[in-house]
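Have a look at the structure below before the remarks.
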Amino acid sequence: MNKEIIDPEGMIKVIAALFGKLPVYMVVGTRETPIKIIALKNKALVISNNTPIANKSRILTLVHNGSRFVSQFTLVGGDGQGIEILQPLKITIVPATRQGARVDLAKSGGSSLTVTNLINVLDVSKAIGFDDKKVDAVLLNFRTKLSKIFPYSSIYLTSRADNRLRLMQHYEKPIYIVDRKNKSTANPMYLPFDEYLRIFETSKLPDELISEICVPIRYKGYISVGYVQILSHKSFEPEVFDQMSMFSGTLAKEIIATGVFQESKEQCSVVDLSAGGISFIHAPTRAFSRNVTMNGTIIFDLILGPNEKATFRSIIKNIRNQETNYRVGCQFYNPTEEDTRILEEFLGKNSEKESGNGNHPDEEAKEDSPPQKDVSEIHTTQEEKEISESSEE
1 MNKEIIDPEG MIKVIAALFG KLPVYMVVGT RETPIKIIAL KNKALVISNN TPIANKSRIL
61 TLVHNGSRFV SQFTLVGGDG QGIEILQPLK ITIVPATRQG ARVDLAKSGG SSLTVTNLIN
121 VLDVSKAIGF DDKKVDAVLL NFRTKLSKIF PYSSIYLTSR ADNRLRLMQH YEKPIYIVDR
181 KNKSTANPMY LPFDEYLRIF ETSKLPDELI SEICVPIRYK GYISVGYVQI LSHKSFEPEV
241 FDQMSMFSGT LAKEIIATGV FQESKEQCSV VDLSAGGISF IHAPTRAFSR NVTMNGTIIF
301 DLILGPNEKA TFRSIIKNIR NQETNYRVGC QFYNPTEEDT RILEEFLGKN SEKESGNGNH
361 PDEEAKEDSP PQKDVSEIHT TQEEKEISES SEE
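Right under this line is the structure:
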């Protein structure tokens, strides 16, 4: 039976308890697009939305405990550059069902698809916190190359974010300041100009430096572990930003290649795959115990063929004991555009059409889960009064 919540306090409780902690999507036409939750302030939800929508109506969805939460909002403010402030109008809770095509590899008698290089996101930052001679050698090499071209440059790699990295995570935008003393040169594609001025004023950099490019170093495109920074007395051209983006990506690959991240090298057979999630088999190894926990967030490589793979961040929705192995069901969490494209192409070629009888990854363990609380009983703690930036979790 469907349930509706229209009480303002009840809606805020649900939003505080779930939004920002689970993948959230916005309905745009016939598609659902991943969005970033920034905060819950003054009983309104602040999001980052890069998809232009003509009207003020917004519909956000998420899945939790076998239920699909369809939330209606209205736009009440924002900066006109992607940041939107939404006021909740109604939340409808319906049973979760799989959306779109599915490849059921268990029914086809076996799987040629595998999941490997699995790691818990919490261990990504932890790995950077330890001294590693191989990583130090990579950083020295890249810093030397960078300083030869850009005298005012640095490579910041750490498990704890500073103000620059925190703001880039918050807005999901890199820094590209053409001229710090000329606001008309600002581009909404990058970190807001006024936010940059605040961090520059406290950074103790020489005032004659007017231009800056700062690009995050991201683990497989999902977790920021640092950034590459260059500054200049003259304005940087767009080509330089593109060069720094490639430089940062190459550096990230070199750091991963050192083996500093304790990825599980287990080759896990995929048994079920859709646009929204995946199920795979994992042996009861030490890596499994370390990486796989209920509601934990993991990153892994999905091997689709000899020369084709995609990388996904996912939330573990269920773990089933199958005597000698475990079946792990996951829901994808804001995949990158490129990996989404690769997956959609694969599903388009190999999908078996189902008429609403497929299970969402969150549904597989529904029968084994304890009775679900009435959503009106969800309580918020003081920490949940404002949803913190969640792109790294």
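Counting in the UniProt record's numbering, the sequence shown runs from 1 upward without gaps. Heads up, the beta-carbon is just placed ideally off N, CA and C, and yes, glycines get one too. Nothing here was measured: the structure is a model prediction, and the numbers come from that model.
Residue 12: buried (16+ other C-beta within 10 angstroms of its C-beta) or exposed?
Of the residues assessed, residue 12 falls on the buried side of the cut-off, its CB having 16 or more other CB atoms within 10 angstroms.
Quick test of your reading: residue 158 and residue 259, contact by CB under 8 Å. State the CB separation rounded to the nearest angstrom.
Between residue 259 and residue 158 the Cβ distance is about 19 Å, and since that is not below 8 Å, they are no contact.
What do you reckon, are the CB atoms on residue 18 and residue 62 nearer than 8 Å?
For the pair residue 18 and residue 62, the CB atoms are nearer than the 8 Å cut-off.
Would you check if there are 3 or more beta carbon pairs closer than 8 Å linking the stretch 75 to 93 to the stretch 46 to 66?
Yes, the stretch 75 to 93 touches the stretch 46 to 66.
Own chain, CB closer than 7 Å to residue 267, minus 5 neighbours either side, in chain order:
Sequence-distant partners of residue 267 (beyond 5 residues in either direction) whose C-beta falls short of 7 Å from its own C-beta, in its chain, are 114 and 116.
Check whether the Cβ atoms of residue 299 and residue 313 lie closer than 8 Å to each other.
Result yes, Cβ atoms of residue 299 and residue 313 sit closer than 8 Å.
Rounded straight-line distance, which links the Cα of residue 28 to that of residue 250:
Distance between the alpha carbons of residue 250 and residue 28 is about 34 Å.
What beta strand (DSSP E) runs, 3 residues minimum, are completely inside the stretch 197 to 246?
Within the stretch 197 to 246, the runs of beta strand (DSSP E) at least 3 residues long that lie entirely inside it are, in chain order, 211 to 219 and 223 to 232.
Between 141, 24 and 328, which lies nearest to residue 247 when the distance is taken from Cα to Cα?
Closest by alpha carbon: 141.
With distance defined between alpha-carbon atoms, name the residue in 323, 41, 191 and 318 nearest to residue 331.
Ranking 323, 41, 191 and 318 by Cα distance to residue 331 puts 318 first.
Which whole-angstrom value is the C-beta distance of residue 255 and residue 271, which I expect to be below 8 Å?
Not a contact, Cβ separation roughly 32 Å.
Select from 257, 325 and 218 the residue whose C-alpha is nearest the C-alpha of residue 121.
Comparing Cα-Cα distances from residue 121 to each of 257, 325 and 218, the minimum goes to 218.
Alpha carbon of residue 9 to alpha carbon of residue 196, nearest angstrom:
If you draw a straight line from the Cα of residue 9 to the Cα of residue 196, it is about 35 Å long.
Helix, strand or coil for residue 301 per DSSP?
Shown here, residue 301 sits in a strand according to DSSP, grouped into three states.
Below 8 Å, how does it come out for the stretch 233 to 242 and the stretch 209 to 218: are there three or more Cβ pairs, yes or no?
A contact exists between the stretch 233 to 242 and the stretch 209 to 218.
Among residues of its own chain, excluding the 5 on either side of residue 150, which ones have a beta-carbon nearer than 6 Å to its beta-carbon?
Excluding positions up to five away in sequence, the list reads 230.
Return yes when the Cβ of residue 187 is within less than 8 Å of the Cβ of residue 171, no when it is not.
For the pair residue 171 and residue 187, the CB atoms are not nearer than the 8 Å cut-off.
Report the start-end ranges of each alpha helix (DSSP H) in the stretch 110 to 159 that is 4 residues or longer and not cut off at the edges.
DSSP runs (the alpha helix (DSSP H)) wholly in the stretch 110 to 159: 121 to 128 and 133 to 149.
Where residue 294 falls: helix, strand or coil (DSSP):
In this structure, residue 294 counts as coil in the three-state DSSP scheme.
Could you give the distance in angstroms between the alpha-carbon of residue 20 and the alpha-carbon of residue 34?
Using only the alpha carbons, I get a separation of about 12 Å.
At what residues does the alpha helix (DSSP H) containing residue 339 begin and finish?
Under the DSSP assignment, residue 339 falls in the alpha helix (DSSP H) whose first and last residues are 337 to 350.
Taking residue 295 as the reference, give the member of 220, 76, 132 and 329 with the closest Cα.
The shortest C-alpha separation from residue 295 is found at 329.
Three-state class that DSSP yields for residue 78 in the structure shown:
Reduced to three states, the DSSP call for residue 78 is strand.
For residue 261, does the three-state DSSP call read helix, strand or coil?
Annotated three-state conformation of residue 261 is coil, per DSSP.
Minimum C-alpha distance to residue 88 - residue among 7, 278 and 38
Selected option, being the one with the closest Cα: 7.
Compute the distance between the beta-carbons of residue 69 and residue 45, then report whether it is under 8 Å.
Not in contact: residue 69 and residue 45 (Cβ atoms no closer than 8 Å).
Please classify residue 276: is it buried, with 16 or more other beta-carbons within 10 angstroms of its beta-carbon, or exposed?
Buried.
Buried versus exposed call for residue 189 [16 or more other C-beta atoms within 10 Å across all chains shown]
Exposed.
Report the CB separation of residue 278 from residue 228 in whole angstroms; it is logged as a contact under 8 Å.
Rounded to the nearest angstrom, the Cβ distance from residue 278 to residue 228 is 32 Å, too far for a contact under 8 Å.
Return the CA-CA distance between residue 343 and residue 132, expressed in angstroms with no decimal places.
Whole-angstrom Cα-Cα distance: 35 Å.
Coil, strand or helix - residue 25 by DSSP:
Annotated three-state conformation of residue 25 is strand, per DSSP.
Are the beta-carbon atoms of residue 5 and residue 40 separated by less than 8 Å?
Not in contact: residue 5 and residue 40 (Cβ atoms no closer than 8 Å).
First and last residue of the alpha helix (DSSP H) that includes residue 94?
Per DSSP, residue 94 belongs to no alpha helix (DSSP H); it is in the beta strand (DSSP E), 83 to 95.
Only counting the same chain, and skipping five residues up and downstream in sequence, which positions put a Cβ closer than 7 Å to that of residue 263?
These residues qualify, in order along the chain: 117, 118 and 119.
With a threshold of 7 Å on Cβ separation, who are the neighbours of residue 252 within its own chain once the five nearest residues in sequence on each side are excluded?
If we look at residue 252 and ignore the five residues flanking it on each side, its Cβ neighbours are 217, 218 and 219.
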